[in-house]
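What follows is a short report on a single structure.
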Amino acid sequence: MGRILIFAGTTEGRQLAQWLLDQGAQVAASVATAYGESLLPAGVEAFAHPMAAEEMTAFLKGHPFACVVDATHPYARAATQNIQAACAGAGMPYLRLVRPSQDGVGGRYVATHAQAVALLAGTRGNILLTTGSKDLETYTALPDYRQRVYPRILPTVESVSRCLELGFPAGHLIAMQGPFSRELNLALLRQIGAAFLVTKESGAAGGFLQKLEAARQAGAEAVVIGRPVREEGLSLEQVQQVLRERYL
């Protein structure tokens, strides 16, 4: 039984890691940050730094993993492309764990963050922004973003610092680790008097439906950033089945 490497960063990645440990497998995980490492189950060998494609290839060639599972976020398209290229270059088996899509389930859909900003620019009312810190700068194009936008971000120094650097008031920052229940989403929407909720289509594991239901109950309009591509891949259960049959 060889070691399995998971490129983690999602709830499903951590669930898969725990499942493999329960099967008695040796598990390693690659995450981009120390915070991501802190969320991994005990017993997982962690590699906590981002890697470019060339570095990934060298890393895989230097470590005898039996299989690589890409459990990165559905919006982290560049990461998936790098992992695929690295596995091909290292001749290592690759599995893509894809979170099932819930596209079209309520809300107003846009293709990009820039389109969301264009939509919101012609409106009034506070905005609960739940898309993370990576694309925050796009929302500074809103003329009154300092007054309207309340970013919900990971509770890390980097995320909070990024918000402050971009001019978001400290009193508007909500630093919490999700996913969140409908009740908590609803409480936050009501607390800030939100007229809009901006979210990615993050699937069931990302609490997407809970956000939509909370927005509906709060009388806020949900603006949904659609997934960048339609990916081919396996569900968590399917990945578990493949690993069980081939490597455990």
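Everything in the sequence shown is counted per my numbering, starting at 410 for the first residue and increasing by one. Backbone N, C-alpha and C define an ideal beta-carbon position, used for all residues, glycine too. In this text, all values refer to a predicted model and were calculated from it rather than measured experimentally.
Nearest-angstrom beta carbon gap, residue j and residue i [assumed within contact, 8 Å]
i, j, result
"Gly576", "Arg555", "6 Å"
"Ile536", "Leu529", "6 Å"
"Ile415", "Val478", "5 Å"
Euclidean distance between Cα positions of residue i and residue j
i, j, result
"Pro450", "Ala426", "7 Å"
"Glu446", "Ala629", "35 Å"
"Arg591", "Ala627", "11 Å"
"Gly602", "Leu621", "16 Å"
"Pro483", "Ala434", "26 Å"
"Pro459", "Ala494", "15 Å"
"Leu618", "Gln647", "23 Å"
"Ser568", "Thr547", "15 Å"
"Trp428", "Ile413", "12 Å"
"Lys543", "Gly411", "35 Å"
"Cys496", "Leu582", "39 Å"
"Ala485", "Thr466", "18 Å"
"Pro502", "Gln586", "32 Å"
"Ala520", "Ser611", "14 Å"
"Leu504", "Cys476", "8 Å"
"Ala441", "Arg625", "34 Å"
"Arg557", "Gly616", "23 Å"
"Val566", "His472", "31 Å"
"Gln432", "Leu657", "8 Å"
"Ser439", "Pro552", "39 Å"
"Gly498", "Glu463", "9 Å"
"Tyr559", "Ser570", "15 Å"
"Thr532", "Phe605", "10 Å"
"Glu641", "Glu654", "20 Å"
"Gln649", "Phe474", "17 Å"
"Ala417", "Ala443", "12 Å"
"Leu573", "Gly500", "43 Å"
"Ala527", "Gly534", "15 Å"
"Arg636", "Leu506", "15 Å"
Chain D within 8 Å of residue i, Cβ atoms only
i, result
"Ala495", "No chain D is part of this structure, which consists of one protein chain only."
Pair within 8 Å by beta-carbon distance, residue i and residue j
i, j, result
"Ala461", "Asn491", "yes"
"Arg517", "Val632", "yes"
"Ala488", "Gly422", "no"
"Leu643", "Gln424", "no"
"Leu469", "Gly452", "no"
"Val607", "Thr539", "yes"
"Ile634", "Ala525", "yes"
"Ala584", "Pro564", "yes"
"Pro588", "Thr420", "yes"
"Leu652", "Ala623", "no"
Check: residue i C-beta below 7 Å from any heavy atom of the ligand PLP
i, result
"Val651", "Here there are no bound small molecules, and the ligand PLP is not part of this structure."
Complete runs of the beta strand (DSSP E) confined to the region 461-548 [at least 3 residues]
474-479, 503-505, 517-519, 535-538
At 4 residues or longer, what runs of the alpha helix (DSSP H) sit wholly inside the region 436-462?
443-447
Secondary structure, alpha helix (DSSP H): runs of 4+ residues fully inside the region 545-609:
545-548, 554-557, 566-574, 591-601
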